[in-house]
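Enquirer:
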Amino acid sequence: MSAPDVSGGTVRTADGHAPTTSGPVALVEAGFRALARLRRAPALHPQGLTCGGEVEVVDDGGGPWDVPWLDTPRRLDATVRLSRAGGLPRRLPDGLGLAVRVTDADGPDRTLDLLMTSSGRGRAGRHLPLPRADALRGPYSSLLPYRVAGRSRLLAAFPRRTRQAPVPGDPRSMAAALADGPLVYDLCAETGDRAWRRFAVLTVRAVLPVGQKDTLDFDIYRHSVRGFVPGGALAATRRAAYRGSRSGRNRA
Numbered sequence: 001m002s003a004p005d006v007s008g009g010t011v012r013t014a015d016g017h018a019p020t021t022s023g024p025v026a027l028v029e030a031g032f033r034a035l036a037r038l039r040r041a042p043a044l045h046p047q048g049l050t051c052g053g054e055v056e057v058v059d060d061g062g063g064p065w066d067v068p069w070l071d072t073p074r075r076l077d078a079t080v081r082l083s084r085a086g087g088l089p090r091r092l093p094d095g096l097g098l099a100v101r102v103t104d105a106d107g108p109d110r111t112l113d114l115l116m117t118s119s120g121r122g123r124a125g126r127h128l129p130l131p132r133a134d135a136l137r138g139p140y141s142s143l144l145p146y147r148v149a150g151r152s153r154l155l156a157a158f159p160r161r162t163r164q165a166p167v168p169g170d171p172r173s174m175a176a177a178l179a180d181g182p183l184v185y186d187l188c189a190e191t192g193d194r195a196w197r198r199f200a201v202l203t204v205r206a207v208l209p210v211g212q213k214d215t216l217d218f219d220i221y222r223h224s225v226r227g228f229v230p231g232g233a234l235a236a237t238r239r240a241a242y243r244g245s246r247s248g249r250n251r252a
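Numbering-wise, UniProt numbering puts 233 at position 233 of the sequence shown, and it's gapless, one number per residue.
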């Protein structure tokens, strides 16, 4: 992969494309664009499995969230991508991704994207990615907090251990597990004392016939809803990474 050209004060990728920002953020965008073009897939999590499922918003008895989509118990269609961050050989642990697109979460055509990565369990570990071999072995975390009704809350998904466990995190093994039954995750948000409170149940049911090149462009900034948005930490850098990856795939 060629390094970006920074001569003349303008950052450009090897193909002459100028990012939409400047400085370090532009380098992130250019790097993700180049990696996505090289892989002909998302820059990170290039190997994945796209599935259909549903999100059931639940009332856990803890009172209202003061967020429209969380305060109306119901079932919503979802598209889910289960993936490996580095694309390492299947026998090796890798950062495992759980991407969820909730259809009409905040009304017609108001979709919500959630992106979570395999992580540790403790108060520090939940903010750090953790490579894992078994996709059902531990939690997935947003790593950085959301603003939920104005409050800073980390998000997490806790897989329920099913009769399929253990399930290696590569696409082929995940598809085999889904052929034997759904995979279920409890979706939770932190409370003020850093405990977890469940707001929904995600059920992943069936593999969809979607190739790697046609996978959805998940983007938590483009697909957020009222009262439930990504926090400001590293926002510019993360937006640049999404733009670069999306642009690189489209120009591959």
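Beta carbons: idealized from backbone N, C-alpha and C, even for Gly.
All of these numbers come straight from a predicted model, not from anything done at the bench.
Using a Cβ-Cβ cutoff of less than 6 Å, which residues in the same chain neighbour Ile220 once the five nearest sequence positions on both sides are dropped?
Expert: By the criterion of a C-beta distance shorter than 6 Å, Ile220 is surrounded in its chain by Asp113, Leu115, Pro230, once the five residues flanking it on both sides are discounted.
Enquirer: How would you write the range of the beta strand (DSSP E) that Ala200 sits in, first residue to last?
Expert: Counting along the chain, the beta strand (DSSP E) containing Ala200 begins and ends at 196-207.
Enquirer: Tell me the rounded alpha-carbon separation between Leu154 and Ala177.
Expert: 28 Å
Enquirer: Quick check on Asp180: buried or exposed, where buried means 16 or more other Cβ atoms within 10 Å of its Cβ?
Expert: exposed
Enquirer: Which residue from Leu187, Val167, Thr117 puts its Cα closest to that of Gly86?
Expert: Thr117
Enquirer: Along the chain, where does the alpha helix (DSSP H) containing Gly173 start, and where does it finish?
Expert: For the sequence presented, residue 173 should be read as Ser rather than Gly. From DSSP, the alpha helix (DSSP H) with Ser173 extends over 171-179.
Enquirer: Between the Cα of Thr50 and those of Asp186, Val225, Asp170, spot the shortest distance and give me the residue it belongs to.
Expert: Asp170
Enquirer: For Gly227, which of helix, strand or coil comes out of DSSP?
Expert: coil
Enquirer: Does Leu183 pass the burial test, meaning 16 or more other C-beta atoms within 10 Å, or should it be called exposed?
Expert: buried
Enquirer: Between Arg160 and the rest of its own chain, which residues show a CB-CB distance below 6 Å, the 5 nearest in sequence each way excluded?
Expert: Val184
Enquirer: Comparing alpha-carbon positions, which option in Glu56, Pro93, His127, Gln164 lies nearest Asp71?
Expert: Glu56
Enquirer: Pair every Cβ in the stretch 88-99 with every Cβ in the stretch 129-149, then say whether three or more of these pairs are closer than 8 Å.
Expert: yes
Enquirer: Would you kindly work out how many angstroms separate the C-alpha atoms of Pro166 and Trp65, rounded to a whole number?
Expert: Each residue's Cα considered, the two are about 34 Å apart.
Enquirer: What are the uninterrupted segments assigned as beta strand (DSSP E) that are 3 or more residues long and contained completely in the stretch 100-131, given in chain order?
Expert: 112-118
Enquirer: Here's a check: name, in chain order, each residue in its chain whose Cβ is nearer than 7 Å to the Cβ of Gly52, leaving out the five neighbours to either side.
Expert: Thr79, Arg205, Ala206, Leu208
Enquirer: Alpha carbons only, please: which of Arg121, Pro73, Asp106, Thr215 is nearest the one belonging to residue 253?
Expert: Since the first residue of the chain shown is 1 and the last is 252, residue 253 is not available in this structure.
Enquirer: Taking only the alpha-carbon atoms, compute the straight-line gap between Pro89 and Thr203 and give it to the nearest angstrom.
Expert: Answer to the nearest angstrom: the Cα atoms are 27 Å apart.
Enquirer: For Gly95, which beta-bridge partners are listed by DSSP?
Expert: Paired residues: none, contrary to the question.
Enquirer: Where residue 257 and Arg222 are concerned, what is the direct C-alpha to C-alpha distance, given to the nearest angstrom?
Expert: An answer regarding residue 257 cannot be provided, because it is not within the stretch 1 to 252 covered by the chain.
Enquirer: Are the Cβ atoms of Ala200 and Leu216 separated by less than 9 Å?
Expert: no
Enquirer: Looking at Gly48 and Ala105, is the spacing between their C-beta atoms short of 9 Å?
Expert: no
Enquirer: Since Gly227 and Val67 should fall inside the 8 Å C-beta cutoff, what is the C-beta to C-beta distance between them, to a whole number of angstroms?
Expert: 4 Å
Enquirer: Where does Ala133 sit, in a helix, a strand or coil, going by DSSP?
Expert: coil
Enquirer: In the DSSP assignment, find the unbroken beta strand (DSSP E) run with Asp186 in it and report its ends.
Expert: Taken as a continuous stretch (DSSP letters only), the beta strand (DSSP E) holding Asp186 covers 183-190.
Enquirer: For Gly52, does the three-state DSSP call read helix, strand or coil?
Expert: Assigned with DSSP and collapsed to three states, Gly52 falls in strand.
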